[in-house]
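One structure is given here, and the rest of the page talks about it.
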Amino acid sequence: MTDHPALAWRRSGLMAVTGHAAGSSLVCPADLTSAAERSLARLRAAAPDGHRLPANGAALLGERARMLGLGRHGRTSANTFCHLFRASNGTIALNLAREDDMALMPAWLERPVTTLEGIAAAIGNRDAAHLLDRGREMGLAVACPGTASEVDTDAEPQRIGRRQEPRERTPLVVDLSSLWAGPLAGSLLAMTGAQVIKVESTSRPDAARLGNRMVFDLLNAGKLSVALDFASLSGRNALIDLLVRADIVIEGSRPRALRQLGVHAEELVRAKSGKVWVSITAHGRKGEAASWTGFGDDAAVAGGLATAMEAGWGELLFAGDAIADPLVGLAAAQAAWASWLRGGSELLSLSLSGTIASALRRDDAINHQRTVNWQRLAEADTAPLYPLRTAPPAPPMGADNHQVLAAAC
Amino acid sequence: MKLKAGTKLESAVCDTQVMVLRVPDRDLDVRCGGVPLQLDPGQQEGEPEAGFDGGTLVGKRYNDADDTMEFLCTRGGAGSLSVDGTLLEQKLAKKLPSSD
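Structure follows, in structure tokens:
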């Protein structure tokens, strides 16, 4: 049974990270928890070891915030990296998640700014659309608050070549992704019995290894770990070889970055009938958007979540913790498994902003009155938060190089 | 010429376009394909000189050996970037955050 969206939001731990620091914790005016439950229920119904999957989809949305002990900061994201700034004619979300993003601010704003206050002041009298274009060109994670209806959800699987007959065996999954969305999808497939190989670049490992250990283990336990030097020819050859062998590939890179490595998704799907390629991007693979970067909180703003907060609470605010990530992770695992079962030979494109937008589009009653009612319901709720998951340790990087790469010869 | 962070420059001999990300406060002779970069997109003439024809890749960042300056390639081309006669190097991809 699925809990009411207002109760699920609170019990997942997301209410505690939504709202202004000095104000009440807030419900989300849109029903996002049902989208998580729906993906998980469909995966559970289709997968052989469905009973091994997490009991509760909504709990997955809030588990990172709880493990990291995050708080709420209103117009700054729960993890404190993403900010909503007022430009002269609109609002712009900027995610400074990477260390050197701050060093790009003088070039972006054409002023010698070094602090958040300086950025806010420099953005204040500038044109939002101009800053958005310039930021995208520079590879900054920027977004303007969108509405769900404007976002291309890119959801139709792209058929490439001939399908296989529906298959009973469990797939070999190669997981090239990092951080949260892709690794979550890979870990859910591992729970359903698939063999999942996590592949990392030795010069650019999954940076989540440096973050909270419990979170990393939850997302990567149960996978084999292979580390390759993508800068060397032999490393790239080993990577291509693994991608050729894979039944399901999960990656979270911009298509251009993979092409520069010699990895062409469409060609690899065409080369092995039945293969399923899961591409997770910030804003999809179509046109210019394919080269835009983004993370969970800024992409949620682009997908319309801050706008939904405004519809409910009268002001653009963040909601949840990088919530596009776990929603995409759940949707990607479900979509990958469904594609595998129907014979594959498909490229599945899931974007962070598009997934938020589709969840918001399913909810046609995002308004102030319902939000107030939901808030009352959540504030009266005294049930404990959902239990947190635990996981055994994930393997050290490259722990399974020998076993996996020897099998290739 | 003295450059400012945020300025866009165009190659005179290929399609390369770069944005200045970081520069020291002194005159720099920034070239692409061995020919000085220009502020305004003018007519492309000639081709990259030998030794300066390795090409640039869109989306990649280029810096000098001491990392005192950095340029972002916003459009790729056939020429290579150089400053004061020395080729710039392509930087590795940005480090990802440990959580986003």
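Residue numbers (the numbering used here), protein chains in the order written: chain A, 1 to 409; chain B, 1001 to 1100. A virtual CB, placed ideally from N, CA and C, is assigned to each residue, including glycine.
Exercise. Nearest to ALA399/A by alpha carbon, out of GLY284/A, GLU251/A, SER225/A and ALA365/A?
Worked result: SER225/A
Exercise. Does the distance from the CB of ASP325/A to the CB of CYS82/A come in under 8 Å?
Worked result: no
Exercise. For chain B, is any of its Cβ atoms less than 8 Å away from the one on PHE81/A?
Worked result: Yes - at least one Cβ of chain B is within 8 Å of the one on PHE81/A.
Problem set entry | Close-in-space but distant-in-sequence residues of the same chain around ASN220/A (CB under 7 Å, 5 per side omitted) | PRO183, SER187, LYS198 and ALA394
For this session: With 8 Å as the threshold, decide whether the Cβ of ASP100/A is near any Cβ in chain B.
Result: yes
Exercise. Excluding the five sequence neighbours on either side, which residues of its own chain have a C-beta within less than 8 Å of the C-beta of ALA107/A, listed in chain order?
Worked result: MET138
Problem set entry | Chain-ordered chain B contacts of SER178/A [CB-CB under 9 Å] | Residues of chain B passing the Cβ test: LEU1096.
Exercise. Going by DSSP, which residues form a beta bridge with PHE1071/B?
Worked result: Beta-bridge pairing links PHE1071/B to VAL1020/B and TYR1062/B.
Problem set entry | Assumed close pair SER12/A, LEU70/A - CB separation to whole angstroms, cut-off 8 Å | Not really, about 13 Å apart at Cβ, beyond 8 Å.
For this session: For ASP31/A, count neighbouring C-beta atoms within 10 Å of its own C-beta (all shown protein chains included) and say buried if the count is 16 or more, exposed if not.
Result: buried
Problem set entry | Of the residues LEU68/A, GLY19/A, ALA282/A and ASN373/A, the one placed nearest ALA208/A, counting alpha carbons only | LEU68/A
For this session: Keeping to the same chain, check which residues put their C-beta closer than 7 Å to that of ALA21/A; ignore five residues upstream and five downstream.
Result: For ALA21/A, where only same-chain residues beyond five positions count, the Cβ hits under 7 Å are GLY71, ARG72, HIS73 and GLY74.
For this session: Could you tell me whether the Cβ of LEU1057/B comes closer than 8 Å to any Cβ of chain A?
Result: yes
Problem set entry | Among ASN367/A, MET102/A and ASN89/A, nearest to LEU140/A - alpha-carbon criterion | MET102/A
Problem set entry | the stretch 359-378 of chain A / the stretch 306-322 of chain A touching (three or more Cβ pairs under 8 Å) | yes
Exercise. For a contact meaning CB atoms closer than 8 Å, what does ARG1022/B contact in chain A?
Worked result: ALA103, PRO106 and ALA107
Exercise. Is THR89/A buried or exposed, if buried means 16 or more other CB atoms sit within 10 Å of its CB?
Worked result: Checking the sequence shown, residue 89/A turns out to be Asn, not Thr. It counts as exposed.
For this session: Tell me, please, whether the CB atom of MET1001/B is closer than 8 Å to any CB atom in chain A?
Result: no
Problem set entry | Environment of GLN1038/B [buried if 16+ CB atoms lie within 10 Å] | Residue environment: GLN1038/B is assigned as exposed (fewer than 16 neighbouring CB atoms within 10 Å of its CB, all protein chains considered).
Exercise. Can you tell me whether DSSP reads ASN95/A as helix, strand or coil?
Worked result: Residue state for ASN95/A is assigned as strand, using DSSP reduced to three classes.
Exercise. At a CB-CB cut-off below 8 Å, which residues of chain A make contact with ALA1005/B?
Worked result: Ordered by position in chain A, the residues that pass the 8 Å Cβ test against ALA1005/B are PRO106, ALA107, GLU110 and PRO112.
Problem set entry | ASN118/A, DSSP secondary structure in three states | A small correction: the amino acid at residue 118/A is Gly; Asn does not occupy that position in the sequence shown. The answer is helix: DSSP assigns GLY118/A an H, G or I state.
Problem set entry | Reference GLY1042/B, options SER1011/B, TYR1062/B and ALA1093/B, closest by Cα | SER1011/B
Exercise. Is the Cβ of LEU61/A closer than 8 Å to any Cβ of chain B?
Worked result: LEU61/A does not count as touching chain B.
For this session: Could you tell me whether the Cβ atoms of ALA378/A and ARG10/A are closer together than 8 Å?
Result: yes
For this session: May I have the straight-line CA-CA distance separating LEU14/A from ALA58/A, to the nearest angstrom?
Result: 9 Å
Problem set entry | Start and end residues, alpha helix (DSSP H) containing ILE248/A | Counting along the chain, ILE248/A falls outside any alpha helix (DSSP H), though it belongs to the beta strand (DSSP E) covering 248-251.
Exercise. Nearest to LEU261/A by CA position, among LYS286/A, ILE119/A, ALA93/A and LEU176/A, is which residue?
Worked result: Selected option, being the one with the closest Cα: LEU176/A.
For this session: Give the straight-line distance between the Cα atoms of PRO387/A and ALA16/A, rounded to the nearest whole angstrom.
Result: 16 Å
For this session: Compare the C-alpha of LEU1081/B against each of ALA1005/B, MET1001/B, LYS1002/B and THR1016/B and name the closest.
Result: THR1016/B
Problem set entry | C-beta contact flag for GLY296/A and ALA257/A at 8 Å | no
Problem set entry | Interface residues of chain B facing LEU140/A [CB-CB closer than 8 Å] | Within chain B, no residue comes near LEU140/A; the closest Cβ sits about 10 Å away, beyond 8 Å.
Exercise. Across which residues does DSSP place HIS73/A in a beta bridge pair?
Worked result: THR76/A
Exercise. Do you know whose CA, among ARG376/A, VAL196/A and VAL301/A, lies nearest VAL142/A's CA?
Worked result: VAL301/A
Exercise. Going by C-alpha distance, which of THR390/A, ASN401/A and MET397/A is nearest GLU63/A?
Worked result: THR390/A
Exercise. Residues of chain A with CB under 8 Å from LEU1081/B, in chain order?
Worked result: Within chain A, no residue comes near LEU1081/B; the closest Cβ sits about 16 Å away, beyond 8 Å.
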